[in-house]
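In what follows, a structure is listed as C-alpha cells, so that the remarks can point back to it.
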Amino acid sequence: MTNDTERKQTYEIYPIGFVQSDEQTRRYEIELLPRFSTGLEKLEDFSHVIIFWWADQHDNLEDRSILTTQLPYAQGVRAGVFACRSEYRPNLIGMTIMPILNIDKEKGIITLPWIDAFDGSPVLDLKPYVPSSDRVRDFRVADWMKAWPEWMEDADAFFKENEVNFGG
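Quick note on the numbering used here: the sequence shown kicks off at -9 and runs consecutively.
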C-alpha cells in the first residue's frame, strides 16, 4: 500500500452549476453553467438523477474537523459522520437522488420536486439513477432509522406525519 506522502493530497473540483431553491414558491432547480448544459443530452430518458453537491455553508476548518455529531432525527444518538448524512464532513460532498420533473437543455435547468441542499449550493456532478447500480435488495439500516420508509416515494408523507427534525 502506498503511504500518504506518496499520494496526491489535494484535488481540484469546480461547480458545474448551482442549486436554485425557494421554499416560499416551492421551486427547486439545478441550474448548470452554460458550458455544461450540453452534458444534459439524453438525461431526460431517465426518471431520476443523482446530484452531488458541496455543503459550502460548512466550508471551514472547524466544521470539516467534526467527526461525530448528535443526530437531530434520532434523540440521544451520536454517530460518526460516515454513519449519517450530516453536513459536517472532512470533504463536504452531499448527495441527493431526485425525480426529474423537467429538463430545459437550452437553459441548462433541471426541475426537481425538492432538494435537501441550500439555495446557491454548488453542484459538482450529476449521474443518472440506474437501479442495477444504485439499488440493493438486501440491506441493513441502523436501529434509529428502522421506522423510516424503505422507498423515497413514501418518505414525504412519513416525515410530515412524524415531524422528523433534520437539523438546520
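For every residue, glycine included, the Cβ atom is placed at its ideal position computed from N, Cα and C. Keep in mind the model is a prediction, meaning the values are calculated, not measured.
Among the options, the one whose alpha carbon lies nearest that of residue i
i: Ile99; options: Ile3, Arg(-3), Pro112, Pro24; result: Pro24
i: Asp12; options: Leu114, Lys150, Ala107; result: Ala107
i: Arg17; options: Ile87, Leu91, Thr0, Thr28; result: Leu91
i: Gly84; options: Arg54, Ile41, Val120; result: Ile41
i: Val39; options: Val131, Ile105, Ala145; result: Ile105
i: Met88; options: Pro80, Leu82, Leu102, Glu96; result: Leu102
i: Pro31; options: Ala147, Ala45, Pro118; result: Position check: residue 31 holds Glu in this sequence, whereas Pro was assumed. Closest by alpha carbon: Pro118.
i: Thr28; options: Lys150, Ile93, Trp141, Asp53; result: Ile93
i: Tyr63; options: Trp43, Ile6, Ala132, Met142; result: Ala132
i: Leu22; options: Val113, Leu33, Arg75, Asp124; result: Val113
Assigned secondary structure, residue i (DSSP; H/G/I helix, E/B strand, else coil)
i: Leu30; result: helix
i: Glu151; result: helix
i: Glu(-4); result: helix
i: Glu140; result: coil
i: Ala145; result: helix
i: Arg25; result: helix
i: Leu104; result: Note that residue 104 is Trp in the sequence shown, not Leu. DSSP places Trp104 in coil when its eight states are reduced to three.
i: Asp124; result: helix
Sheet register partners of residue i (DSSP bridge)
i: Val9; result: Ile20
i: Trp43; result: Gly84, Val113
i: Pro118; result: Val39
Which full runs of the beta strand (DSSP E) of 3+ residues lie inside the stretch 47 to 102, going along the chain?
58 to 60, 68 to 70, 83 to 89, 92 to 94, 99 to 102
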